[in-house]
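Counting from 215, one number per residue, gives the positions in the sequence shown under this note's numbering.
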Amino acid sequence: MDWNSMIAAFDAKQNLLHSLNAYQKAVNTAAIVSITDRGGKILYVNDLFCEISKYNRKELLGKNHRIVNSGFHPPEFFKGLWKVIVSGSVWHGEIKNKAKDGSYYWVDTTISPIFNDNGDVVQYLSIRTLITERKDLEQEKERLLEDLTGKYNDMMQFNYIVSHNIRAPIAKIISLIDLLKDECVNHDDNAQILIKYLIDSALSLDEVINDLTNILSVSRAENQNIELVNLAGIINSVQDNLETQIRESGTSLQIYIDEDAMNFYSIKSYVNSIIFNLVSNAIKYSKRDLHPSIIIQAKKIDGRLMLIVTDYGIGIDLGKAGTDLFGLYKRFNFSKEGRGLGLYMTKTQVEALGGTIDVSSHPGVGTTFTISLPVKNND
Numbered sequence: 215m216d217w218n219s220m221i222a223a224f225d226a227k228q229n230l231l232h233s234l235n236a237y238q239k240a241v242n243t244a245a246i247v248s249i250t251d252r253g254g255k256i257l258y259v260n261d262l263f264c265e266i267s268k269y270n271r272k273e274l275l276g277k278n279h280r281i282v283n284s285g286f287h288p289p290e291f292f293k294g295l296w297k298v299i300v301s302g303s304v305w306h307g308e309i310k311n312k313a314k315d316g317s318y319y320w321v322d323t324t325i326s327p328i329f330n331d332n333g334d335v336v337q338y339l340s341i342r343t344l345i346t347e348r349k350d351l352e353q354e355k356e357r358l359l360e361d362l363t364g365k366y367n368d369m370m371q372f373n374y375i376v377s378h379n380i381r382a383p384i385a386k387i388i389s390l391i392d393l394l395k396d397e398c399v400n401h402d403d404n405a406q407i408l409i410k411y412l413i414d415s416a417l418s419l420d421e422v423i424n425d426l427t428n429i430l431s432v433s434r435a436e437n438q439n440i441e442l443v444n445l446a447g448i449i450n451s452v453q454d455n456l457e458t459q460i461r462e463s464g465t466s467l468q469i470y471i472d473e474d475a476m477n478f479y480s481i482k483s484y485v486n487s488i489i490f491n492l493v494s495n496a497i498k499y500s501k502r503d504l505h506p507s508i509i510i511q512a513k514k515i516d517g518r519l520m521l522i523v524t525d526y527g528i529g530i531d532l533g534k535a536g537t538d539l540f541g542l543y544k545r546f547n548f549s550k551e552g553r554g555l556g557l558y559m560t561k562t563q564v565e566a567l568g569g570t571i572d573v574s575s576h577p578g579v580g581t582t583f584t585i586s587l588p589v590k591n592n593d
């Protein structure tokens, strides 16, 4: 080899050495690194290992990783780990460790065997990244999920109690009051007034219990049957149910349904209820001395059903309504009868189907509700 070749080879080795040093510095800065012999005795730890474990280098060298064992993982976990790396394969997983001060930390760990020229495993290189914050968030998420599941089960139990144990006595009370009304038909006006108050109170309580039962029954859509929905059929059914209101108010219904939005799989009763509430509200809140005009449109966009219901009624002051628009028992026009349940139930059912509902409205101009629902076509 001539002199120039030797210089070139030396420069190449120097560049490689600098590159390796830069790589090692980057790894040591970002990762927890250790090297052990075949038996697991620690031969090398970097500064970050000492910083996170709270042990100094002298306390770690010559020991094995049991020094940071948290006791969280069963013995089978580490037996499986050793089985992988002894075979010459790379092991990757998440380990919970315990620092010298008793605190715990999680690390995403990769352990790679180091081979000699004969292909034998002589050492193991471990590179870890700290993931304690992510694991804490995951555990908090699991705790919240368990808590929500427990509350949901309690709510379902309460729903059962309301449906079966409370409604029956209320029905008996209403029947008894009717009998009392017949018995007291010849009594003075004060007795009749008291009986009327009793009837009104009992019926009001029955309405509240019925509302509560309906609200709780919508809390989980997965308990309902998914079936083929024909949108034209749903709208015809709504028109039949509202036939009296439509006829007496002179309501005009314009319906535009794209062919690919006509049939889809969803919860039929929810879709029916959503359209019923929006159409009945449009009729109820129409302008005085003006026949209600309602437009229903349906189209498919990016695999979702877009259902748009527009009316030209009295409109809603969204600035005043704010976030209460879909609130339970929230009313914004007291000149019309209602309990403030329709929009709440509509939003609840839309969200139970995994959808969203948006509203655009101006007082004196009208209102448009836009509903986006995930659907599956009858392919």
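Here a beta-carbon is modelled for each residue, glycine too, at the ideal position from N, C-alpha and C. Please read all numbers here as calculations on a predicted model, not as lab measurements.
Query, Result
"What number of angstroms, rounded off, separates the C-alpha of Ser487 from the C-alpha of Asp531?", "24 Å"
"Which residues in the same chain as Ser480 place their Cβ atom closer than 7 Å to its Cβ, once the five residues preceding and following it in sequence are excluded?", "Ile440, Val443, Leu567, Leu587, Val589"
"Near Arg501, what residues of its chain come up, given a Cβ to Cβ distance below 7 Å and the 5 sequence neighbours on each side ignored?", "This sequence places Lys at residue 501; Arg is not what is there. If we look at Lys501 and ignore the five residues flanking it on each side, its Cβ neighbours are Gly527, Ile528."
"Cα-Cα, which of Ile413, Phe291, Arg271, Leu257 is closest to Val336?", "Leu257"
"Tell me whether the stretch 506-519 and the stretch 460-479 touch, counting them as touching only if at least three CB pairs, one residue from each stretch, are closer than 8 Å.", "yes"
"Roughly how many angstroms lie between the CA atoms of Asn404 and Lys386, to the nearest whole one?", "23 Å"
"Kindly identify the DSSP beta-bridge partner or partners of Lys312.", "Tyr318"
"Taking the alpha carbon of Lys312 as the point to measure from, which residue in Asn283, Asp334, Val304 has its own alpha carbon closest?", "Asn283"
"Would you call Ile299 buried or exposed, if buried means 16 or more other Cβ atoms sit within 10 Å of its Cβ?", "buried"
"In this structure, does DSSP put Ile448 in helix, strand or coil?", "helix"
"Using a Cβ-Cβ cut-off of 8 Å (strictly less than) and excluding sequence neighbours within five positions of Ile448, which residues of its own chain qualify?", "Lys482, Val485, Asn486, Ile489"
"Give me the Cα-Cα distance between Leu408 and Leu504, rounded to the nearest whole angstrom.", "41 Å"
"According to DSSP, is Met520 helix, strand or coil?", "strand"
"Check this for me: beta carbons of Asn278 and Thr323, under 8 Å apart or not?", "no"
"Between Leu344 and Pro577, what straight-line distance do the alpha-carbon atoms span, to the nearest angstrom?", "56 Å"
"Specify the secondary structure class of Gly533 as computed by DSSP and reduced to three states.", "helix"
"Taking buried to mean at least 16 other C-beta atoms within 10 Å of its own C-beta, is Asp525 buried or exposed?", "buried"
"Thr581: buried (16+ other C-beta within 10 angstroms of its C-beta) or exposed?", "buried"
"Taking Glu457 as the reference, which of Phe478, Ser494, Met476, Asn477 has the closest Cα?", "Ser494"
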